[in-house]
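First residue of the sequence shown? That's 174 in my numbering, and the numbers climb one at a time after it.
Positions of the beta carbon are idealized from the N, C-alpha and C atoms, including for glycine.
Because the structure is a prediction, the values reported are computed rather than measured.
See structure below.
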Amino acid sequence: MVEVQYSEQASDLMEQFSLSTLIQDRRETIESFSGKERELFKDVFPVMEELRLLFQPYKEKMETYYLTGYGITLLQSCYLEMVDKGLTPKSVEAVHAYCLQLDAEAIREQLKDLLNTGPEHMAKSGDFWDYLEASSIKSETKWYFSQFYRKPLEAMKELIELSRELIPLYQPYLEKSAAERRAYAASFSLENTIAESASLSHFDWNFKENQFIKLYVVSPWVVQFASYFSETEPSESHYFIVSCRIDQLLKSGKELDMDTFAAVLKVLSDSTRYNVMVELAKPYAKSKRIAEELDITGAAVSFHTQKLINAKLLLFNRDHKDVKYDVNKSLLREIIAKLTSDFGLEEK
């Protein structure tokens, strides 16, 4: 039995440090949803668009300073570092103050850790520039990381000033979802969510008895299931950031309905995307090498990769350092089984 600790106050803080994720155009993500999934989030889509427009005037600054790794922002990473140290910040300003007292090297270490939250499995001995080159983030985002790294104190000050400006704008939305977040946290089961999800049950989570597991529940329009593992002595800590309704979204991916079937066939119908999928499943796959091999740009590799992830055809591999993604074989088998059944392709 996994013991999970939840705090409403801590979840509020975590959400207020996630604002950079809300400026993204979610239309592609929405398009990848099945009819059942769209029905589940139909009241959320208008809020997503409201928030995107609300933060649009700050887009350039947010992209420059409000850096994000895989599922976690720089501000969230700093907050979790405080928790790792046994600190219990009660307010946004307490976290802001902590960020501003970090020295240049501490900020640079945060940036390095942020790059290593993705599926690249980079060696701890590597330096920031190694991490940046190996990362699958967009070239433009790599540029922002490099600029922040070169002037960490200046950039952190800009980030905190920006955060102080954005958080008051977000308060009505935080209040709007308070009741749903509270109810969701009371009923949410981490173990059941993992067990019932095709993509999550694929991982070996290897939870230990003495492991520290904290749960942060955020609003449904964040659409997130993120995990962050810390090996800070004397104990290991595992943090999960989950948005309301995410268990239903993850569970729906385990069922092959007609929407999913059609979406998968559509995604695979692109020959370049199919070849990207084949290459990504190989050991030591690198975006740069795949781009050269297929004579496409690195941005095109990233685009096709995201399409494959959205269609649940690729699953992140956190168990083997030399393999970034696994092909979702169970989904492919279901697709093949349906085609075999529908067209009578069974061997005679």
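task: Quick one: residues in its chain with C-beta nearer than 7 Å to the C-beta of S466, no 5 flanking neighbours on either side, listed in chain order?
output: Note on identity: in this sequence residue 466 is Glu, with Ser being the wrong assignment. Excluding sequence neighbours, E466 sits near E452.
field: Y243 to L192 span [Cα, whole Å]
entry: Taken atom to atom, the span from the alpha-carbon of Y243 to that of L192 is near 14 Å.
- prompt: Among F398, A371, L195, S410, which has the Cα closest to the Cα of E382?
  reply: S410
query: Counting pairs of beta carbons, one from the stretch 431-439 and one from the stretch 273-287, are three or more of them closer than 8 Å?
result: no
query: Would you report the Cα separation of M450 and M431, rounded to the nearest angstrom?
result: Distance from the CA of M450 to the CA of M431, rounded to the nearest whole angstrom, comes to 22 Å.
query: Is it buried or exposed for I414, if we count other Cβ within 10 angstroms and need 16 for buried?
result: buried
message: Suppose the cutoff is 6 Å on Cβ atoms and the five residues either side in sequence are ignored; what does the same chain contact list for S250 look like?
response: Q283, L287
task: Count the other CB atoms, across all protein chains shown, that sit within 10 Å of the CB of W302; report buried if there are 16 or more and exposed otherwise.
output: exposed
query: Just checking, does the stretch 223-231 make contact with the stretch 336-352 on the three C-beta pairs under 8 Å criterion?
result: Three or more Cβ pairs closer than 8 Å define a contact, and the stretch 223-231 meets that threshold against the stretch 336-352.
- request: Taking M329 and L273 to be in contact with their CB atoms under 8 Å, please state how far apart those CB atoms are, rounded to whole angstroms.
  value: 7 Å
- request: Kindly list the residues whose CB is nearer than 6 Å to the CB of P393, restricted to its own chain and excluding five residues on each side of it in sequence; keep chain order.
  value: V217, S416, C417, R418
- prompt: For E178, is the classification buried or exposed, using 16 other Cβ atoms within 10 angstroms of its Cβ as the cut-off for buried?
  reply: It should be noted that the sequence gives Gln, not Glu, for residue 178. With fewer than 16 Cβ atoms within 10 Å of its Cβ, Q178 is classed as exposed.
query: Name the DSSP beta bridge partners of A148, please?
result: No information on residue 148 is available, as it lies outside the stretch 174 to 521 that the chain covers here.
- request: Could you tell me the boundaries of the beta strand (DSSP E) in which K387 lies?
  value: Its beta strand (DSSP E) spans residues 385-391.
query: Helix, strand or coil: how does DSSP classify L240 here?
result: coil
message: Using only the alpha-carbon positions, how far apart do A359 and Y389 sit?
response: 12 Å
field: Assigned secondary structure, F380 (DSSP; H/G/I helix, E/B strand, else coil)
entry: coil
- prompt: Using the C-alpha atoms, what's the distance from V500 back to N483?
  reply: Rounded to the nearest angstrom, the two C-alpha atoms are 13 Å apart.
- prompt: With respect to the beta strand (DSSP E) encompassing L287, which residues constitute its N-terminal and C-terminal limits?
  reply: Here L287 belongs to no beta strand (DSSP E); instead the alpha helix (DSSP H) covers 277-288.
- request: Determine the direct distance from the alpha carbon of R506 to that of E519, and round the result to whole angstroms.
  value: Annotation: E519 to R506 spans about 14 Å, alpha carbon to alpha carbon.
- request: Consult DSSP for Y343 and reduce its assignment to one of helix, strand or coil.
  value: Looking at Y343 - three-state DSSP - the assignment turns out to be helix.
query: Roughly how many angstroms lie between the CA atoms of E353 and Q182, to the nearest whole one?
result: 15 Å
message: Cutting at 8 Å between CB atoms, please list the residues of its own chain near Q320, excluding the five before and the five after it.
response: T237, A328
query: Rounded to a whole number of angstroms, what is the C-alpha to C-alpha distance between A464 and R355?
result: 45 Å
- prompt: Grouping DSSP H, G and I as helix and E and B as strand, with all else coil, what is T513?
  reply: helix
- prompt: Any idea which residues DSSP pairs Q249 with across the strands?
  reply: Its beta-bridge partners do not exist; DSSP assigns none.
query: Leaving out five residues before and five after K315 in sequence, what residues of the same chain have Cβ atoms less than 6 Å from its Cβ?
result: Beyond the five residues adjoining it in sequence on each side, K315 comes within less than 6 Å, by CB distance, of L305 in the same chain, given in chain order.
query: How many angstroms separate the CA atom of S475 from the CA atom of K258?
result: 36 Å
- request: List the whole-angstrom C-beta distance separating L429 from K511, where the pair is believed to meet the contact cut-off of C-beta under 8 Å.
  value: 7 Å
query: Is any heavy atom in the ligand ATP found nearer than 6 Å to the beta carbon of Q229?
result: For the ligand ATP, the structure offers nothing, since it holds no ligand at all.
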